[in-house]
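Undergrad: Residue numbers (the numbering used here): 1158 to 1772.
Could you have a look at this structure, given as structure tokens, before my questions?
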Amino acid sequence: MCGIVGAVADRDVTPILIEGLRRLEYRGYDSAGIALLTAAGTVERRRAQGKVQQLADAIEASPVQGLRGIAHTRWATHGVPSERNAHPHMSEGQIALVHNGIIENHERLRAELKAAGYVFTSETDTEVVAHLLNQCFKRSNDLLKAMHETVSRLHGAYAIVALDRREPDRLVCARAGCPVVLGEGEGETKGEFYVASDVQALLPQTRQFRFLEEGDVAEIGPRGIAIFDAKGQAVDRPLRESELSADAVERGDYAHYMLKEIFEQPRAIGDTLAERITGNRVLEASFGPRAKDILPKVRGVHIVACGTSYHAGLIARYYIEQGARLPCTVEVASEFRYRRPVVLPGTLLIAISQSGETADTLAALRYARELGYLATATICNVPESSLVREADLVLMTRAGPEIGVASTKAFTTQLAALSLLGLVLARHNGMEAAIEAEFVRQIAHVPEVVEKTLALEPKIREWAAHFANKHHALFLGRGPTFPVAMEGALKLKEISYIHAEAYAAGELKHGPLALVDEDMPVIAVAPNNALLEKLKSNLQEVRARGGKLYVIADPNTGFVSEPGTEVLLMPEHIEAVQAPLVYTIPLQLLAYHVAVIRGTDVDQPRNLAKSVTVE
1158 MCGIVGAVAD RDVTPILIEG LRRLEYRGYD SAGIALLTAA GTVERRRAQG KVQQLADAIE
1218 ASPVQGLRGI AHTRWATHGV PSERNAHPHM SEGQIALVHN GIIENHERLR AELKAAGYVF
1278 TSETDTEVVA HLLNQCFKRS NDLLKAMHET VSRLHGAYAI VALDRREPDR LVCARAGCPV
1338 VLGEGEGETK GEFYVASDVQ ALLPQTRQFR FLEEGDVAEI GPRGIAIFDA KGQAVDRPLR
1398 ESELSADAVE RGDYAHYMLK EIFEQPRAIG DTLAERITGN RVLEASFGPR AKDILPKVRG
1458 VHIVACGTSY HAGLIARYYI EQGARLPCTV EVASEFRYRR PVVLPGTLLI AISQSGETAD
1518 TLAALRYARE LGYLATATIC NVPESSLVRE ADLVLMTRAG PEIGVASTKA FTTQLAALSL
1578 LGLVLARHNG MEAAIEAEFV RQIAHVPEVV EKTLALEPKI REWAAHFANK HHALFLGRGP
1638 TFPVAMEGAL KLKEISYIHA EAYAAGELKH GPLALVDEDM PVIAVAPNNA LLEKLKSNLQ
1698 EVRARGGKLY VIADPNTGFV SEPGTEVLLM PEHIEAVQAP LVYTIPLQLL AYHVAVIRGT
1758 DVDQPRNLAK SVTVE
């Protein structure tokens, strides 16, 4: 969840590294740093606590240049955010090193290195790797061999890039559990080579990339790239052209990335549906060439995910159980990977992740291979990611780059993709063609309804003013909109720092009702479905205790604004399959505008990072 970028060129790479860090800042923003091999043959380092701009200011105050360099933006795991804990870390003025991930055996290695005379200046596990690499180099006088020896002693997850003044013509890197991508310059940048933790860092320079696989070690020099597997054997990783463009991560006229990404949802959902439905049916081949063999054999589904993607999985359970009549279980990946589930024959494991690099979800997918699942599938937004490369079936969400830490368009496009999967499974389990056609019609209409719903923003902005001085909020839903309420609560707490919880409305009387008073706003999602009257009864319990209600309602539900109750009517009747996607939009806008009023950092909320690539 930190960001790495490195470069080898015949020009000063400082601007390349700083621009790369800016594009990765959503991954970590506690501190940032850069190390360069200068023309004088020394390693010069600059570090700063805070965001990349603080580092840029430090470089402007004390300029540094070099043809080889590495840089890092940090999200703290070991050691508080500070300049001394910022990367790159160095060893005896020779080696500079940046690292994503967690080294689990760092304490034992630290003790060994201290006994060998190495002096530590930080609290990080990363500094251990720098000193260990230096120690190994002294034995071999070869940086690549030293990296192989170093990683053989590390336990945990890591992406590592290092440079050494004794071997000024190359960088070395390694990957285990954390993504590493190598870029090759093209056009005006031909002859330059790059390394990063995410292709977005390098898009201004190139769209040509190679992706390291588990256990790979690589070297990058002016003559090119060489990659070796965990056994030290030279391997070829295919050159791929990224589908992303450099301007895809620009904010444009929007005040924040999150707002831009909220308003991109009609297009993103439309793109996710495009070419996956034709006429009145979902194209099974959308899930990959093996779909026609695997999907007819599915007799149950097990979904694993984290955070917002977990909420998408909870909604998908309704699609799969009610539509396909298949049993479906959903759990957070961090729990799944540490138990031994009972896997029934014909069970499909689905891993959901925006980045495709979420550590717990990726580990769950790999663990599933040992457990006898029929196959694995992923719903993901990043085509070059590890999950996409390792799953048997894949459906890309086509949300485009999502920079805001609080996920918006990635979530709704996951729901769109999961609805398609639910329909394909339902077809194989007896759903009539006419019923599938009706659901396809409803799903295809979602982008238009979302567009209309976004027009409710002025009213939602008015609501936000009522929340600005609150400390707690309660979200309620029933059926498929209960996970929508969970996602709404998560959005509010993530970016406004208001404590928010979600409950199935029928659970009010089993505890949460004790919290309700005039200072606890209650937000309810009220579609016009079979549970409407039950929901109305639940909300009367809130009004009877003096709670203030904010109801997002279907226009046919009969809700009206009155003292103690604010009602936001949706632009039209929302069908059941549409409801989770469409009712999410007002909750996203509410969280956004509350955060803006409270003056928080909307795109980069404290203590959080976009892609959680450590456990």
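Idealized CB from N, CA, C, for every residue including glycine.
1. Can you say whether Asp1321 is buried or exposed, counting buried as having 16 or more other CB atoms within 10 angstroms of its CB?
2. Express the C-alpha separation of Ile1377 and Val1165 in angstroms, rounding to a whole number.
3. Take Thr1533 as the anchor and find which of Ile1451, Ala1567 and Glu1589 has the nearest alpha-carbon.
4. Would you list the residues sitting across from Leu1505 in a DSSP beta bridge?
5. Please name the residue, chosen from Ala1574, Leu1531, Thr1278 and His1413, that lies closest to Val1562 on a Cα-to-Cα basis.
6. Let's test the definition: count the other Cβ atoms within 10 Å of the Cβ of Gly1389 and tell me whether it reaches 16, buried, or not, exposed.
7. Going straight from the alpha carbon of Thr1770 to that of Leu1359, what length do you get?
8. First and last residue of the beta strand (DSSP E) that includes Thr1741?
9. Is Leu1506 near Leu1522, with beta carbons less than 9 Å apart?
10. Kindly indicate the opening and closing residues of the alpha helix (DSSP H) around Phe1568.
11. Where does Ser1510 fall in DSSP's three states?
12. Can you tell which of Pro1172, Val1374, Leu1531 and Gly1334 has its C-alpha closest to the C-alpha of Ala1391?
13. Run through the segment 1603 to 1629 for me and flag every whole alpha helix (DSSP H) of 4 or more residues, listed as ranges in chain order.
14. Give the secondary structure of Thr1486 by DSSP, where H, G and I count as helix, E and B as strand, and everything else as coil.
15. Compare the beta carbon distance of Ile1173 and Tyr1351 with 9 Å and say whether it is the shorter of the two.
16. Between Met1304 and Ala1319, which are expected to be in contact by the criterion C-beta below 8 Å, what is the C-beta distance as a whole number of angstroms?
17. With Asp1517 and Arg1494 assumed to form a contact (beta carbons below 8 Å), what rounded beta-carbon distance in angstroms separates them?
18. Got a sec? Which residues, its chain only, sit under 6 Å from Val1673 by beta carbon, not counting five neighbours each side?
19. Using a threshold of 9 Å, state whether the C-beta atoms of Leu1629 and Ala1657 are closer than that.
20. Taking three-plus beta-carbon pairs below 8 Å as touching, is the segment 1212 to 1225 in contact with the segment 1275 to 1284?
21. Looking at the secondary structure, which residues open and close the beta strand (DSSP E) in which Thr1722 lies?
22. Return the chain-ordered list of same chain residues with a C-beta closer than 7 Å to the C-beta of Pro1684, the five sequence neighbours on each side being excluded.
23. For Asn1257, is the classification buried or exposed, using 16 other Cβ atoms within 10 angstroms of its Cβ as the cut-off for buried?
24. With DSSP as the reference, label Phe1385 as helix, strand or coil.
25. Assuming Tyr1467 contacts Ser1576 (C-beta within less than 8 Å), just tell me the rounded distance between them.
26. Using the three-state DSSP reduction, which class does Ala1412 fall into: helix, strand or coil?
27. Could you check what DSSP says for Ile1477 in three-state terms: helix, strand or coil?
28. Give a yes or no on contact between the segment 1259 to 1270 and the segment 1197 to 1214, applying the rule of three or more CB pairs nearer than 8 Å.
29. Using only the alpha-carbon positions, how far apart do Arg1323 and Arg1241 sit?
30. Excluding sequence positions up to five away, which residues of its chain have a Cβ less than 6 Å from the Cβ of Arg1456?
31. Classify Pro1446: buried if its beta carbon has 16 or more other beta carbons within 10 angstroms, exposed otherwise.
TA: So, from the data block:
1. buried
2. 7 Å
3. Ile1451
4. Val1458 and Ala1532
5. His1413
6. exposed
7. Note that Thr1770 scores 48 on pLDDT, short of 50, meaning its location in the model is unreliable; the coordinates nonetheless yield the value given after this. Using only the alpha carbons, I get a separation of about 19 Å.
8. That residue, Thr1741, is in no beta strand (DSSP E); its alpha helix (DSSP H) goes Ala1736 to Arg1755.
9. yes
10. Lys1566 to His1585
11. strand
12. Val1374
13. 1603 to 1611 and 1614 to 1624
14. strand
15. yes
16. 7 Å
17. 6 Å
18. Val1699, Arg1702 and Gly1704
19. The question names Leu, yet the displayed sequence has His at residue 1629. Cβ distance < 9 Å, so His1629 and Ala1657 count as in contact.
20. no
21. Thr1722 to Leu1726
22. Thr1638, Asp1711, Ile1731, Ala1736 and Tyr1740
23. buried
24. strand
25. Their Cβ separation, rounded to whole angstroms, is 17 Å, which puts Tyr1467 and Ser1576 out of contact at 8 Å.
26. coil
27. helix
28. no
29. 24 Å
30. Gly1503
31. exposed
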